[in-house]
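Chemist:
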Amino acid sequence: MSRYRTVEQQEQPITRRASYIQPRNQQEERRTTHLSEAHPKQGSLLSSVGCAGVVVMLLLLVWYAVVVPWWTNTIDQWNYGTSRITKLSADVGHGTSDFIAFDQKGQVVVIEFIEGHPDKTHIFTGINLIGDPGNRIITLSVSDVNHDGKPDVVIHVEGETTAYVLLNTGSSFSWSGK
Numbered sequence: 002m003s004r005y006r007t008v009e010q011q012e013q014p015i016t017r018r019a020s021y022i023q024p025r026n027q028q029e030e031r032r033t034t035h036l037s038e039a040h041p042k043q044g045s046l047l048s049s050v051g052c053a054g055v056v057v058m059l060l061l062l063v064w065y066a067v068v069v070p071w072w073t074n075t076i077d078q079w080n081y082g083t084s085r086i087t088k089l090s091a092d093v094g095h096g097t098s099d100f101i102a103f104d105q106k107g108q109v110v111v112i113e114f115i116e117g118h119p120d121k122t123h124i125f126t127g128i129n130l131i132g133d134p135g136n137r138i139i140t141l142s143v144s145d146v147n148h149d150g151k152p153d154v155v156i157h158v159e160g161e162t163t164a165y166v167l168l169n170t171g172s173s174f175s176w177s178g179k
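Read in order, the letters of the sequence shown are residues 2 to 179 in our numbering.
(1) Inspect the beta-carbon positions of Val166 and Val143 and report whether they are closer than 8 Å.
(2) Going by C-alpha to C-alpha distance, which of Phe174, Gly132, Val155 sits closest to Thr87?
(3) What's the gap between the Cα of Gln180 and the Cα of Val56?
(4) Going along the chain, which residues of its own chain have a beta-carbon closer than 8 Å to the beta-carbon of Leu46, five neighbours each way excluded?
(5) May I have the straight-line CA-CA distance separating Leu36 from Leu61, to the nearest angstrom?
(6) I believe Asp104 touches Arg85 by the beta-carbon criterion, under 8 Å. Please report the beta-carbon distance rounded to the nearest angstrom.
(7) Please report how far the alpha carbon of Ser48 lies from the alpha carbon of Ile139, in whole angstroms.
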C-alpha cells in the first residue's frame with residue numbers, strides 16, 4: 002500500500018475517533034463550541050478585575066505594613082533622635098524653665114530645670130503607659146488649662162487621644178494642682 006493518498010481517498014472526510022477531549026459527534030461539538038463562545042469576554046474581564054484587585058490589596062498591605070511604619074520611624078529619628086527626648090523652654094511663672102520629657106520603659110518622666118537654680122530641679126513621674134515601652138514620643142506644650150492665670154504643662158503622648166497636665170502651683174507643678 003502506498004503512503005500517499007489517491008484523489009478518491011482525499012475527497013472523503015477523515016473520521017475522527019471519539020476521545021475524552023473531543024466530542025463524539027458533530028452535534029455535541031457544535032453545542033460545546035456554542036457554550037464556550039457565549040461569554041468569552043466576561044470571563045476574561047472578571048479574571049482581569051480579580052487579578053487587579055489582588056494586586057491592589059497586596060500593594061496596600063505592603064504600604065501600611067512596611068512603608069508607613071518605616072517612614073514614621075525615620076521622621077521620628079530625624080526629629081527626636083534615638084533617645085526620643087523632647088525639650089521645651091518656657092516661662093512658667095517662677096522663672097524660665099527647661100523641660101525634658103521622655104518615655105522610661107512605659108513611664109513618662111518630665112524633668113524641670115529652673116534657669117539659674119540647678120538645686121531646684123524637679124522630676125515628675127506618674128503616668129504609666131500601656132503598650133510598646135520606651136518607643137513613644139512625649140511632647141510638651143504650655144497652656145493655662147486650670148484658668149487660674151498660671152501656665153500649666155500639657156503632656157502629649159504619641160498614640161493616645163488624651164493629654165496629661167502638670168498643674169502650676171506657683172513654685173512647682175503637681176498632678177492634682179495642690
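All residues carry an ideal CB built from backbone N, CA and C; glycine is no exception.
Please read these numbers as outputs of a predicted model, since none were measured by experiment.
Modeler: Inspection of the coordinates gives the following:
(1) Not in contact: Val166 and Val143 (Cβ atoms no closer than 8 Å).
(2) Val155
(3) In the structure as shown, the chain starts at 2 and stops at 179, and residue 180 therefore has no counterpart that could be examined.
(4) none
(5) Low local confidence applies: a pLDDT of 49 at Leu36 is under 50, so the model's placement there is unreliable, with the coordinate-based value given in what follows. In this structure, the alpha-carbon of Leu36 lies about 38 Å from that of Leu61.
(6) 6 Å
(7) 49 Å
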